[in-house]
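So the sequence shown is numbered by this note's numbering: it starts at 5 and just counts up by one.
Quick reminder that beta carbons are idealized off the backbone N, C-alpha and C, glycines included.
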Amino acid sequence: GFGLTNLLPSNNDQRKKRLRFLATRSNEESSSSVASTFEEIARGGQAELLLSHSSVSSYFEPESRKGKLLRLANQCRHSYLTTGIAHIPQFVRLDLVDKMVEEAINLQQREECFYSTEDHTVYQEPNDSSFAQDHPRNALQRSSKWIIDFDRIDQGSSPLAILYKSPELKAFVSYVVRSDSEIKDDALYTSGCPYNAAYYNLYEPNDGLGWHFDKSQFGVNLELQPGELGGDFELCWNTREDDSAWCFDKVQNVLDVSDDAHSPVAQRIQDPPVGPGSLVFFAGARNLHRVTPVVSQKPRINAIMTFETQPNQRPNAYSLKKFFGR
Ligand SMILES: O=C(O)CCC(=O)C(=O)O
Ligand SMILES: [Fe+2]
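Next up, the structure:
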């Protein structure tokens with residue numbers, strides 16, 4: 005399904021009417037008040053907890069240990085470490101969720117987007133001809149979705165860009181995801197890539213994402229318009245011990261039996277029941293994950309924010325070409 009054709013009525017007059025409606029709506033929006041700082045964005049959602057301490061560096065110091073924020077952070081950290089996923093419902097308010105949904109749809113209408121349809125390997129690495137074509141190293145996955153990448157988002161006014169670039173969010177993400185005992189340095193960086201730093205995903209009917217490992221080290225998923233039917237996020241916990249191990253046997257196992265509900269692999273698939281505004285931390289570089297095909301008409305929309313342990317990191321050319329068209 006191609007987005008524009010699905011979103012707009014097929015009748016020409018109706019299409020024009022719909023476009024006029026969308027245009028008026030976006031004019032009205034820009035004249036209404038827009039949240040332009042992290043503080044404004046955080047109000048009214050669980051993200052507000054990130055404002056409850058005066059400086060970012062004091063969030064997690066002993067004197068605030070009894071705080072709600074630390075409890076939430078520790079719950080997330082524990083869940084992330086033991087299941088590869090942590091879920092915070094209602095992290096951002098619904099009016100901001102609506103703003104982001106509208107931003108994504110408006111950019112898609114203006115064709116500021118890329119529809120990825122190419123098959124890809126699980127590892128997001130080019131084919132290696134020293135392995136058979138059906139070996140997990142080369143096995144192809146079918147995916148399709150729209151991406152509105154970071155470069156297409158208004159850096160000054162988009163709530164997504166403001167959220168992504170805020171030191172408050174980064175400090176929180178760092179606390180949750182960088183808790184492995186082998187990691188001494190807890191620094192975390194936003195991406196050096198102008199495209200995959202933070203982006204919107206739009207899945208229309210039949211769109212979905214095959215099994216894959218992420219190229220960015222840490223991914224945080226902000227759910228905006230979860231799929232009504234289909235479009236489930238599934239993560240297979242413990243697929244590989246580190247970001248570069250191949251673990252062909254485990255990967256093969258997931259590819260072979262994951263659709264069998266009684267298989268041990270299926271039981272390791274995490275699928276949190278998310279709602280609009282949910283924040284989901286997922287260890288996507290280490291754990292195979294996918295999005296099942298969307299069945300209902302309403303598109304599934306979310307935003308992915310990526311973080312790295314080193315500054316100026318970028319995904320490889322393969323991933324940029326296949327998914328971002330860049
Ligand atoms: O859309 C999702 O829920 C997951 C997206 C994802 O895995 C990705 O963009 O790499
Ligand atoms: Fe992913």
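Check, Outcome
"Contact belief for Phe237 with Val295 at Cβ below 8 Å, rounded distance in angstroms", "6 Å"
"Cβ-based neighbour list, Trp215, same chain, cut-off 6 Å, excluding 5 preceding and 5 following", "Val126, Gln145, Leu292 and Arg294"
"Contact test: Leu54 Cβ vs ligand 1 heavy atom, cutoff 7 Å", "no"
"Endpoints, alpha helix (DSSP H) assigned at Ser120", "Element bounds for Ser120: not the alpha helix (DSSP H) but the beta strand (DSSP E), Phe118 to Ser120."
"Val269 in three-state terms, based on DSSP", "helix"
"Supposed contact pair Cys117 and Trp150 - C-beta distance, whole angstroms, cut 8 Å", "5 Å"
"His82, DSSP secondary structure in three states", "helix"
"Delimiting residues of the beta strand (DSSP E) encompassing Ala307", "Arg304 to Glu312"
"Residues whose Cβ lies closer than 6 Å to any heavy atom of ligand 1, in chain order", "Asn205, Leu213, Asp218, Asn225, Phe237, Gly288, His293, Val295, Asn306 and Ile308"
"Length of the line joining the Cα atoms of Gly279 and Arg304", "11 Å"
"Span separating the alpha-carbon of Gly329 from that of Ser120", "7 Å"
"Pairwise C-alpha distance: Tyr207 and Ala51", "26 Å"
"When Tyr199, Gln301 and Val284 are compared against Ala90, the one with the closest alpha-carbon", "Val284"
"Closest by C-alpha distance to Leu111, when choosing among Ala136, Ser162 and Leu213", "Ser162"
"Exposure label - Lys325; buried when at least 16 CB within 10 Å", "exposed"
"Cut-off 6 Å between Cβ atoms - residues of its own chain near Ser148, not counting five sequence neighbours on either side", "Thr121 and Asp211"
"Cβ-Cβ distance between Gln128 and Lys219 below 8 Å", "yes"
"Buried or exposed (CB count within 10 angstroms, at least 16 for buried), Asp153", "buried"
"Cut-off 7 Å between Cβ atoms - residues of its own chain near Tyr322, not counting five sequence neighbours on either side", "Gln128, Glu129 and Pro130"
"Presumed contact (8 Å Cβ cut-off) between Leu233 and Ser134, rounded CB distance", "42 Å between Cβ atoms; not a contact."
"Where Lys325 sits in the DSSP three-state scheme", "helix"
"Endpoints, beta strand (DSSP E) assigned at Phe285", "Leu283 to Phe286"
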